[in-house]
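J.:
In the numbering used here, the protein residues as written are 45 to 200.
#1: Can you list, in chain order, the residues of its chain with a C-beta nearer than 7 Å to that of residue 194? Leave out the 5 residues immediately preceding and following it.
#2: Determine the extent of the alpha helix (DSSP H) in which residue 59 is found, giving its start and end residues.
#3: Might you give, ordered along the chain, the residues of its own chain that have their beta carbon closer than 7 Å to the beta carbon of residue 87, omitting 5 neighbours on each side?
#4: Between the Cα of residue 141 and the Cα atoms of 164, 75, 78 and 89, which residue gives the shortest distance?
#5: Taking just the CA atoms, how far does residue 103 sit from residue 46?
#6: Exposed or buried, residue 187, counting other C-beta atoms within 10 Å across all chains shown (16 or more means buried)?
#7: Which residues bound the beta strand (DSSP E) around residue 170?
#8: Quick check: the Cα distance between residue 123 and residue 112, rounded to an integer number of angstroms?
#9: Roughly how many angstroms lie between the CA atoms of residue 56 and residue 161, to the nearest whole one?
#10: Just the C-alpha distance for residue 89 and residue 173, rounded to the nearest angstrom, thanks.
#11: Starting from the C-beta of residue 63, find all residues in its chain whose C-beta is less than 8 Å away, skip the five residues before and the five after it, and write them out in chain order.
#12: Determine, using beta carbons only, whether residue 52 and residue 176 come nearer to each other than 9 Å.
#13: Identify every residue that forms a DSSP beta bridge with residue 179.
#14: Compare the C-alpha of residue 182 against each of 149, 131, 198 and 137 and name the closest.
#15: Is residue 184 near residue 152, with beta carbons less than 9 Å apart?
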């Protein structure tokens with residue numbers, strides 16, 4: 045990875061809207077820009093595949109599990125090729141302390157705090173998300189740019 049590459053964390057909201065084909069332009073733009081390194085964490089993988097089950101299965105992931113259809117859905121729509129286009133953030137030993145501090149300081153839910161902690165601990169200064177309201181204050185205070193549209197990319 046070149047030091048000239050800009051690092052952007054991709055929130056699950058971006059991936060879910062892409063999967064639903066409701067908002068695709070931002071992720072397509074990010075994925076086409078070779079000067080960007082796009083990151084996710086385990087939280088994003090979990091959230092995305094949870095919604096993927098619902099989207100592809102047409103009912104709640106719990107109902108899909110009870111019907112024992114998770115495997116069939118993953119065979120029909122294998123998310124691995126898509127997800128492998130993103131880099132995984134490094135797991136840092138201080139993530140527990142950092143994410144708990146962010147939960148408390150910014151009134152964040154655990155998954156959002158984990159995402160923000162991973163950005164901070166891995167020197168990722170841009171977060172692509174459609175959940176602007178959830179992250180706005182915390183990102184502003186932590187110096188992390190929020191991106192929710194292609195026009196936001198030109199502001200950086």
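C-beta atoms are modelled at their ideal positions from N, C-alpha and C, and glycine is treated no differently.
Note that the coordinates shown come from a computational prediction; the quantities given were computed from them, not determined experimentally.
T.: This is what the structure holds:
#1: Working through the chain shown from its first residue, we reach residue 194 at position 150. Closer than 7 Å at Cβ, skipping near neighbours: 69, 70 and 73.
#2: Taking the chain shown and counting its residues from 1, the one referred to as residue 59 is at position 15. Residue 59 -> alpha helix (DSSP H) spans 56-64.
#3: For this step, residue 87 is matched to residue 43 along the chain shown. The answer, listed in chain order, is 155, 158 and 159.
#4: As a first step, residue 141 is located in the chain shown; it is residue number 97 there, counting from the start. Out of 164, 75, 78 and 89, 164 has the C-alpha closest to the C-alpha of residue 141.
#5: Residue mapping note: residue 46 aligns to position 2 of the chain shown, counting from 1. Residue mapping note: residue 103 aligns to position 59 of the chain shown, counting from 1. Below a pLDDT of 50, predicted positions are generally treated as unreliable, and residue 46, at 45, falls in that range; the measurement from the model is reported next regardless. Their backbone Cα atoms lie some 43 Å apart in a straight line.
#6: The count along the chain shown starts at 1 and reaches residue 187 at position 143. Exposed, because fewer than 16 other Cβ atoms sit within 10 Å of the Cβ of residue 187.
#7: Taking the first residue of the chain shown as 1, we reach residue 170 at position 126. Element bounds for residue 170: 170-172.
#8: Position 79 of the chain shown holds residue 123. Position 68 of the chain shown holds residue 112. A direct Cα-to-Cα measurement between residue 123 and residue 112 gives close to 18 Å.
#9: Here residue 56 corresponds to residue number 12 of the chain shown, with the count starting at 1. Here residue 161 corresponds to residue number 117 of the chain shown, with the count starting at 1. Rounded to whole angstroms, residue 56 to residue 161 spans 15 Å at the Cα level.
#10: For this step, residue 89 is matched to residue 45 along the chain shown. For this step, residue 173 is matched to residue 129 along the chain shown. Pairing residue 89 with residue 173, the inter-Cα distance amounts to about 14 Å.
#11: Reading the chain shown from its first residue, position 19 is the one you call residue 63. So the list reads 92, 95, 96 and 99, once near-sequence residues are dropped.
#12: Walking along the chain shown from the start, residue 52 turns up at place 8. Walking along the chain shown from the start, residue 176 turns up at place 132. Note that the C-beta distance between residue 52 and residue 176 is not below 9 Å.
#13: Mapped onto the chain shown, residue 179 falls at position 135. When beta bridges are read from the DSSP output, residue 179 appears opposite no residue.
#14: Walking along the chain shown from the start, residue 182 turns up at place 138. Its Cα nearest to that of residue 182, the residue 149 stands out among 149, 131, 198 and 137.
#15: Locating residue 184 in the chain shown gives position 140, counting from the first residue. Locating residue 152 in the chain shown gives position 108, counting from the first residue. No Cβ-Cβ contact shorter than 9 Å links residue 184 with residue 152.
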